[in-house]
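Following our numbering from start to finish, the sequence shown increments by one per residue and tops out at 281.
This report concerns only the one structure given below.
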Amino acid sequence: MDPTAIESLLKEVREGRTGVADALEKLRNLPFEDLGFAKLDHHRALRTGMPEVIFASGKSITQVTSIFAHMAKAGGNVLATRASQEMFEAVLMVEPRAEFHEAARAITLTQNAAVPAGKGTIAVVCAGTSDLPVAEEAAVTARLMGNDVELIADVGVAGIHRLLAQRTSLQSARVLIVCAGMEGALPTVVAGMVHAPVLAVPTSVGYGVSFGGVAALLGMLNTCSPNVSVVNIDNGFGAACMASLINHL
């Protein structure tokens, strides 16, 4: 349940198109629904503007399927991140409208087309093709939250001319998400080209002493560009949530 859905339900009750008992049934599981192994926070979209999301990694296929089905029944958009093909096939059995985004490792269900639109474009930029899973996770999340998204891939600093060729798209974005592994230099370069907030996402891409993304994380934290903020390693989802909040202000 988000503010738009609640407002629509109240209007239906006022106009006599929905009975009070039916409205109460739709609201019965606010603020949360207890499944025993999980407590679904249906109230989160009302509090924060963003619904609860399923982090599928570490959960069983049965748990993911059950949570997805109950969230779908609540009527809002549903997102499961870090999901497998096997999880998607199980979800399809209970919710045939679900979609799988293989590169992003995400399962989505779009039920609420009335999600308020963001004010501009979110550009999701990644340094190399190996960073694409994180960038795709950010793009899928941002789109589901009502944003126009442009994905710009394989424009790392090793071939700076590729990035410069995207100058128009970069400078027209209202918010940018920049994903990079290795030494993590790309967000600093992008930030020096744009008049917008840049959300840097270090990825776990790189050889030995990249330490699974720690080198990129430290490089981004030490950026000399003041319009850069950094999220956790591989956290395309978190960057998209922050970018969506900025884009809706």
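Backbone N, C-alpha and C define an ideal beta-carbon position, used for all residues, glycine too.
ARG79 classed as buried or exposed, judged by whether at least 16 other C-beta atoms fall within 10 angstroms: exposed
Nearest neighbour of GLY216, chosen from VAL207, VAL233 and ALA130 [CA to CA]: With respect to the C-alpha of GLY216, the residue from VAL207, VAL233 and ALA130 having the closest C-alpha is VAL233.
Residue range of the alpha helix (DSSP H) that includes PHE132: It is not in any alpha helix (DSSP H) - PHE132 instead sits in the beta strand (DSSP E) that spans 131-133.
For MET298, the nearest candidate out of SER92, ALA155 and ALA190 (CA to CA): The shown model of the chain, from 33 to 281, leaves out residue 298, and the question about it has no answer.
Cα-Cα separation between GLY251 and GLU65, rounded to whole angstroms: 42 Å
Which residues DSSP lists as bridging GLU47, in chain order: Beta-bridge pairing links GLU47 to no other residue.
CA-to-CA distance, ALA138 to ALA115, given in whole angstroms: 5 Å
Segment contact, 8 Å Cβ cut-off, at least three pairs: the segment 125-144 with the segment 238-252: no
The segment 165-181 / the segment 194-204 touching (three or more Cβ pairs under 8 Å): no
Straight-line Cα distance separating VAL166 from MET225: Using only the alpha carbons, I get a separation of about 23 Å.
Whole-angstrom distance between THR36 and LYS43, CA atom to CA atom: 11 Å
Residue from GLU118, GLU134 and LYS71 with nearest C-alpha to MET103: LYS71
Under 9 Å between C-beta atoms of ALA174 and ALA275: yes
Helix, strand or coil at ILE265 [DSSP, three-state]: coil
Coil, strand or helix - THR36 by DSSP: helix
Cα-Cα separation between GLY51 and LEU249, rounded to whole angstroms: 53 Å
Alpha-carbon spacing of ALA77 relative to VAL222, whole angstroms: 32 Å
Chain-order list of residues whose beta-carbon lies under 6 Å from that of PRO219 (same chain, five-residue window excluded): VAL210, VAL230, ALA232, MET252 and VAL260
Where the beta strand (DSSP E) containing ALA232 begins and where it ends: Counting along the chain, ALA232 sits inside the beta strand (DSSP E) bounded by residues 230-234.
CB of ASP163 within 9 Å of CB of ALA212, strictly: yes
Continuous alpha helix (DSSP H) stretch holding THR142: start and end: THR142 -> no alpha helix (DSSP H), and no H or E assigned at all.
Rounded separation between THR140 and GLN95 - CA only: 16 Å
Helix, strand or coil at LYS71 according to DSSP, with G and I counted as helix: In this structure, LYS71 counts as strand in the three-state DSSP scheme.
Per DSSP, the bridge partner or partners of THR153: In the DSSP secondary-structure assignment, THR153 is bridged to ASP180.
Beta strand (DSSP E) segment containing LEU208, residue limits: 207-212
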